[in-house]
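A.B. asks: Just dropping this structure here.
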Amino acid sequence: MQDHQPAEGGDPPFRRIVENGADGVVVLDPEGAIVYANPAAAALLGRPIESLKGRPLGLPVFAGQSAEIDVPGPGDTPRVVELRPIRADWSGRPALLVGLRDVTAYRKLADGQRFLARAGAELARSLDLPETLDRIARLALEHLADGCLIDLVRPDGKICRERARHDSPDLDAAMAPLRDGDCVPSGGPSGLPRVLRTGRPKLFNRATFPAIDSLTGSPARREVVRALGVNSLLILPLVARGRTLGALTLLATRPGRCFSAADLPATTELAQLAALALDDARLYEEACEAVRRRDEFLAMLSHELRNPLASIVHASALLRDASALGAGQRQAVEVVAKQSEQMSRLLDDLLDVSRVTRGIIRVDRRRADLLDVVDRALQAARPAIESAGHRLHFDRPSGPIPIDGDPARLSQVLVNLLTNAARYTPPGGNVWLEVDAGGGQAQVVVRDDGLGIEPELLPRIFDPFIQGRRDLDRSQGGLGIGLTLVKTIVDLHGGAISASSPGPGRGSSFRLRLRTAPPSPDGDGVPASGAPPGGPIPEAGRPLRILIVEDHEDNREMLRTLLEMSGHRVETAADGIEALDALRRKPDLALLDVGLPGMDGMTLARAVRADPDLCGLRMVAITGYARPEDREEALSAGFDAHLPKPVPIEELDRLIALLPDGHPRLPPPSP
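Residues in the sequence shown are numbered consecutively from 204, following the numbering used here.
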């Protein structure tokens, strides 16, 4: 192979084609040594043709099996060469003819596509903004750059440095001054400000000082970036849904590494994926903040409404016991009491809206008798059924039906189904309740002959805020959250709930299924736990000295009158400071509002528990704050019980009967 002339062997047309071909060709003898190489092969392998003769190719090759080798490219950039060997005759001897092709661009494209697919999947795994920023930086350093900066535009228009990272530990430590929330000037003519204004990427083949300076907000930080030895940089806008969120800046700092226009497709696509992930995280944060504010508003609304409602409930309870009322007056009192109960249920529904949508409904599962749960539900729902003139049909089974469940929550389910049946059945209708068990499963069916359910509504009957046809007067009431709450509670018990109806005007049926629990060890099947909240009121004990601490005057006076009518001696206080003085007289029981002026109820409770002379006092929080977290905070502060307003007088009687008998806390109500 002298003077780049074709080697001996092969016919002249073959030599002419191969010599001028764009693909490399080498011929290997049976021992694997090169006996011929064309100019393209010499260029791909980076050696003169003369030096290739007699040398091995560098790796074993076999006919029909393609392979790839890495060879140095221009500027020591690695180049991928594909080898495709076939059997051939060369000068009458067997040989391997190997075709060589530069597939660097193809491999880079394929690697880039795999990287982008993985990047998209990884960025989609989190909606947490800090975690998303960390993932973007990690992906950029892993595949595209030596260092990176991530800047986001704040709502006030300022550009804030969120991340500054380098894949070298030493240089990453040197970039620490750039990670302190540096605000970058936004009015510069080039570099980062220009990219943010135009929404177009900017490539700096050589990192000029103006380009570097546009990335920092102070001379000291400029020196940090300059000291990195940046060869080139690429500033990419982060644009999602038509909005520029910020910019991703890629830094090339290693010797010989420099960005080019060939890097734009992959880097631009990563920036687009990053922008969408950041925007999703931003939207998620905004949604969480909106939910938090909504929940705070609902809690405050509930608190503000429960105070006047408590006065109404207590006043109606007083009037119910008045003997001088005429029939019309007594009917008016019953209306007030009934509508107050409805309003209290609506307030509970308001709080349940936030619990359902946030998925934080909790159940306190324990052994219970399903028939006890049914009895409690009937006791609560019977007034609604009877006031509508309905006939209730219920053949109570004998013997207990043991289940593993939350009695309060399951009672809530049945009360909802029974009151719905009463509400959506014209006056004088029928409500059926059926309970049975067998084969390890208990079943409760509530059906009526009322308005029925439209066929198109049935598949969505358990969705939030779904109700049947709404008349303008909304005479049926309700928020449309009840059946969603029912399904949520049933699902948490591992049960099932279904609805059916022959159609409008033909009634409806709801079927609840729960797994039964095995009999208790003594074989009687009776739940080990005592009576749940709301059970029979224990026999009242001696009259007590009770302190009421309430800043709402009407609530304070109505509650005082009710308790005095029950024979108790009552003292009142209107704020925390006054209450602390009254507590030193050591009442038998203190009923404290939480939202007190001067010293709030939580602070007051902590002060009492910290005082050795007062720490044994019994205190109950009676408050308009009714969320589970409010109850937990009250118990943590030292209260013996937490009761949301309005508290029915029956519940107060039960509380008063229990606490002096050595029960320091009521069984917790389900959240």
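Glycine residues also receive a C-beta, built at the ideal position from the N, C-alpha and C atoms.
(1) What three-state label does DSSP hand I780 in the structure shown?
(2) Counting C-beta neighbours from all protein chains within 10 Å, is the total for E753 16 or more, i.e. buried, or is it exposed?
(3) Determine the direct distance from the alpha carbon of P658 to that of R673, and round the result to whole angstroms.
(4) What is the DSSP secondary structure of H506, reduced to helix, strand or coil?
(5) Can you say whether F665 is buried or exposed, counting buried as having 16 or more other CB atoms within 10 angstroms of its CB?
(6) Could you compute how far the alpha carbon of A490 sits from the alpha carbon of G302?
(7) Quick one: using the 10 Å Cβ neighbour count with 16 as the cut-off for buried, is G249 buried or exposed?
(8) Where does L286 sit, in a helix, a strand or coil, going by DSSP?
(9) Would you kindly work out how many angstroms separate the C-alpha atoms of A520 and Y487, rounded to a whole number?
(10) At the level of alpha carbons, what is the spacing between R219 and R400?
(11) Among T764, Q268, A844, E234, which has the Cα closest to the Cα of D524?
(12) Tell me, please, which residues DSSP counts as bridged to V648.
(13) Any idea if M503 is buried or exposed, counting beta-carbon neighbours within 10 angstroms, 16 or more meaning buried?
(14) Can the beta-carbon of A266 be found less than 8 Å from the beta-carbon of I237?
(15) Between A785, A645, P722, which has its C-alpha nearest A776's C-alpha?
(16) Select from L454, K405, S421 the residue whose C-alpha is nearest the C-alpha of V433.
(17) Does DSSP classify P233 as helix, strand or coil?
(18) When we look at the beta-carbon of K361 and count the other beta-carbons within 10 Å, is it buried (16 or more) or exposed?
(19) Kindly indicate which three-state DSSP category S371 falls into: helix, strand or coil?
(20) Would you identify the three-state DSSP class for V442, choosing helix, strand or coil?
(21) In angstroms, rounded to a whole number, what distance separates the CA positions of A824 and L795?
(22) Could you round the C-beta distance between L654 and G708 to whole angstroms and report it? I think they count as a contact, below 8 Å.
(23) Where do the ends of the beta strand (DSSP E) carrying T826 lie?
(24) Looking at the C-beta of A322, does it have a partner C-beta in chain C at a distance below 8 Å?
(25) Per DSSP, what kind of secondary structure is D305 in: helix, strand or coil?
(26) Taking all protein chains shown into account, do 16 or more other C-beta atoms lie within 10 angstroms of the C-beta of G680, making it buried, or fewer, making it exposed?
(27) Quick test of your reading: A579 and S614, contact by CB under 8 Å. State the CB separation rounded to the nearest angstrom.
(28) Let me make sure I understand the geometry here. Which of A611, G710, P440, A343 has the alpha-carbon closest to that of N633?
(29) Give the range of the beta strand (DSSP E) segment to which E164 is assigned.
(30) Suppose you measure from the CA of G733 to the CA of P610; what does that come to, to the nearest Å?
(31) Pull up the CB-CB distance for R533 and V566, whole angstroms please, since I reckon it's below 8 Å.
(32) Cβ atoms of P372 and L467: under 8 Å apart, would you say?
(33) What is the C-beta distance between L431 and G315, in whole angstroms, given that I count them as a contact (C-beta under 8 Å)?
(34) Ignoring anything shorter than 3 residues or poking outside the stretch 458–524, list the beta strand (DSSP E) runs there in chain order.
(35) Beta-carbon separation of N241 and E253 under 8 Å?
(36) Let me know the secondary structure DSSP gives K789 once reduced to three states.
C.D. replies: So, from the listed chains and residues:
(1) Start at 1 with the first residue of the sequence shown, and residue 780 comes out as number 577. In the structure shown, I780 sits in a helix (DSSP, three-state: H, G or I).
(2) Locating residue 753 in the sequence shown gives position 550, counting from the first residue. E753 is buried by the Cβ-count criterion.
(3) The sequence position of residue 673 within the sequence shown is 470, counting from 1. The sequence position of residue 658 within the sequence shown is 455, counting from 1. Residue confidence is low: R673 scores 38 on pLDDT, short of 50, so the model does not pin down where it sits. Its coordinate-derived value is still stated next. Going from the Cα of R673 to the Cα of P658 covers about 16 Å.
(4) Counted from its first residue, the sequence shown places residue 506 at position 303. Helix at H506.
(5) Taking the sequence shown and counting its residues from 1, the one referred to as residue 665 is at position 462. Burial call: buried.
(6) Position 287 of the sequence shown, counting from 1, holds the residue named residue 490. Position 99 of the sequence shown, counting from 1, holds the residue named residue 302. Each residue's Cα considered, the two are about 59 Å apart.
(7) Taking the sequence shown and counting its residues from 1, the one referred to as residue 249 is at position 46. By the neighbour-count rule (16 or more Cβ atoms within 10 Å), G249 is not buried but exposed.
(8) On the sequence shown, position 83 is the one that residue 286 refers to. Three-state result, L286: strand.
(9) Here residue 520 refers to the residue found at position 317 of the sequence shown. Here residue 487 refers to the residue found at position 284 of the sequence shown. When rounded, the distance between both Cα atoms is 47 Å.
(10) Your numbering for residue 219 matches position 16 in the sequence shown. Your numbering for residue 400 matches position 197 in the sequence shown. Near 57 Å, if we compare the C-alpha coordinates of R400 and R219.
(11) Here residue 524 corresponds to residue number 321 of the sequence shown, with the count starting at 1. When only C-alpha atoms are compared, the closest one is T764.
(12) Working through the sequence shown from its first residue, we reach residue 648 at position 445. Answer by DSSP bridge pairing, in chain order: E637, R714.
(13) The sequence position of residue 503 within the sequence shown is 300, counting from 1. M503 comes out exposed.
(14) Residue mapping note: residue 266 aligns to position 63 of the sequence shown, counting from 1. Residue mapping note: residue 237 aligns to position 34 of the sequence shown, counting from 1. Contact flag unset, no.
(15) Working through the sequence shown from its first residue, we reach residue 776 at position 573. Looking at the Cα atoms, A785 is the closest of the given residues.
(16) Here residue 433 refers to the residue found at position 230 of the sequence shown. Nearest Cα to V433 within the set L454, K405, S421: L454.
(17) As a working mapping, residue 233 is identified with position 30 in the sequence shown. The answer is coil: DSSP assigns P233 none of H, G, I, E or B.
(18) Reading the sequence shown from its first residue, position 158 is the one you call residue 361. Counting Cβ neighbours within 10 Å, K361 comes out exposed, since fewer than 16 surround it.
(19) In the sequence shown, the residue the question calls residue 371 occupies position 168. The answer is coil: DSSP assigns S371 none of H, G, I, E or B.
(20) Within the sequence shown, numbered from 1, the residue matching residue 442 stands at position 239. Looking at V442 - three-state DSSP - the assignment turns out to be strand.
(21) The sequence position of residue 824 within the sequence shown is 621, counting from 1. The sequence position of residue 795 within the sequence shown is 592, counting from 1. Near 5 Å, if we compare the C-alpha coordinates of L795 and A824.
(22) Counting from 1 along the sequence shown, the entry for residue 654 is found at position 451. Counting from 1 along the sequence shown, the entry for residue 708 is found at position 505. The pair is a contact, with the Cβ atoms about 7 Å apart (cut-off 8 Å).
(23) Locating residue 826 in the sequence shown gives position 623, counting from the first residue. First-last of the beta strand (DSSP E) with T826: 822–826.
(24) The question asks about chain C, but that chain is absent: this structure has only one protein chain.
(25) Taking the sequence shown and counting its residues from 1, the one referred to as residue 305 is at position 102. Residue state, collapsed to three classes: strand.
(26) The residue you call residue 680 lines up with position 477 of the sequence shown. Note on G680: pLDDT 46, under 50, position unreliable in the model; the coordinate value appears next. G680 should be labelled exposed.
(27) For the purposes of this step, residue 579 is taken as the residue at position 376 of the sequence shown. For the purposes of this step, residue 614 is taken as the residue at position 411 of the sequence shown. Sequence inspection shows Arg at residue 579; the Ala mentioned does not correspond to that position. Their Cβ separation, rounded to whole angstroms, is 5 Å, which keeps R579 and S614 in contact under 8 Å.
(28) If you number the sequence shown from 1, residue 633 lands on position 430. Here the closest residue by C-alpha is G710.
(29) Any answer about residue 164 is impossible in this case: the structure gives the chain only from 204 up to 874.
(30) Walking along the sequence shown from the start, residue 733 turns up at place 530. Walking along the sequence shown from the start, residue 610 turns up at place 407. Legend: pLDDT at G733 = 42, less than 50; position of this residue unreliable, no value from coordinates given.
(31) Residue 533 sits at position 330 when you count from the first residue of the sequence shown. Residue 566 sits at position 363 when you count from the first residue of the sequence shown. With 8 Å as the limit, R533 and V566 do not qualify as a contact, their Cβ atoms being about 40 Å apart.
(32) Taking the first residue of the sequence shown as 1, we reach residue 467 at position 264. Taking the first residue of the sequence shown as 1, we reach residue 372 at position 169. Not in contact: L467 and P372 (Cβ atoms no closer than 8 Å).
(33) Start at 1 with the first residue of the sequence shown, and residue 431 comes out as number 228. Start at 1 with the first residue of the sequence shown, and residue 315 comes out as number 112. L431 to G315, Cβ: 25 Å. No contact.
(34) none
(35) Taking the first residue of the sequence shown as 1, we reach residue 241 at position 38. Taking the first residue of the sequence shown as 1, we reach residue 253 at position 50. No, they are not a contact pair.
(36) By 1-based counting over the sequence shown, the position of residue 789 is 586. K789 falls in the coil class under three-state DSSP.
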